[in-house]
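Visitor: The structure under discussion is supplied below as structure tokens; questions concerning it will follow.
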Ligand SMILES: [Zn+2]
């Protein structure tokens, strides 16, 4: 994806208020992010560990999503799979991310959830630039381009539900 600025990111959020988008944590090291190898940018908030965010470019538009995640419960799910990039991680490596829906539905408290890599580094797992703790991505018959396409469409399907 193309490199984004803090301004691009703050103005992209579809499921939080303008005030929230202005205050939320945006990484300081945007210039150093590996944009060429990212299908979307995802990050957490060091000051609020249950929050995470992602932004993706979709048809020349930047779409940002604010999410919360539930840390894995003890004894629950030894391994689980990210619904975006289909990487399997040991417990804690995948989390249920929930995003408040946009508009009135969100104000009424409706949210949408999906299991995702807790570190939101799906793009890097796909490209083999980061290896999951188990060392396990199952053998894919798809090419990297096809896997990227699948990850993007999984993500867009999530965004469409917001
Ligand atoms: Zn993933």
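Numbering (the UniProt record's numbering), first residue to last: 1 to 162.
We put the CB at the ideal spot given by N, CA and C, even for glycine.
What separation, rounded to the nearest whole angstrom, lies between the Cα atoms of residue 149 and residue 38?
Guide: 12 angstroms
Visitor: Counting only runs of 3+ residues fully inside the stretch 60-109, write out the beta strand (DSSP E) ranges in chain order.
Guide: 61-70, 79-81, 88-90, 94-100
Visitor: Taking DSSP as the reference, what is the three-state secondary structure of residue 57?
Guide: strand
Visitor: Please list the segments of the beta strand (DSSP E) lying wholly inside the stretch 13-50, counting only runs of 3 or more residues, in order along the chain.
Guide: As far as the stretch 13-50 is concerned, its whole beta strand (DSSP E) runs of at least 3 residues are 40-44.
Visitor: What does DSSP give as the partner residue(s) for residue 113 in the beta ladder?
Guide: 98
Visitor: Is it right to say residue 157 is buried, meaning 16 or more other beta carbons lie within 10 angstroms of its own, or is it exposed?
Guide: exposed
Visitor: Identify whether residue 141 lies in helix, strand or coil by the three-state DSSP scheme.
Guide: In this structure, residue 141 counts as coil in the three-state DSSP scheme.
Visitor: Pairing CB atoms from the stretch 101-113 with CB atoms from the stretch 46-57, are three or more of them under 8 angstroms?
Guide: no
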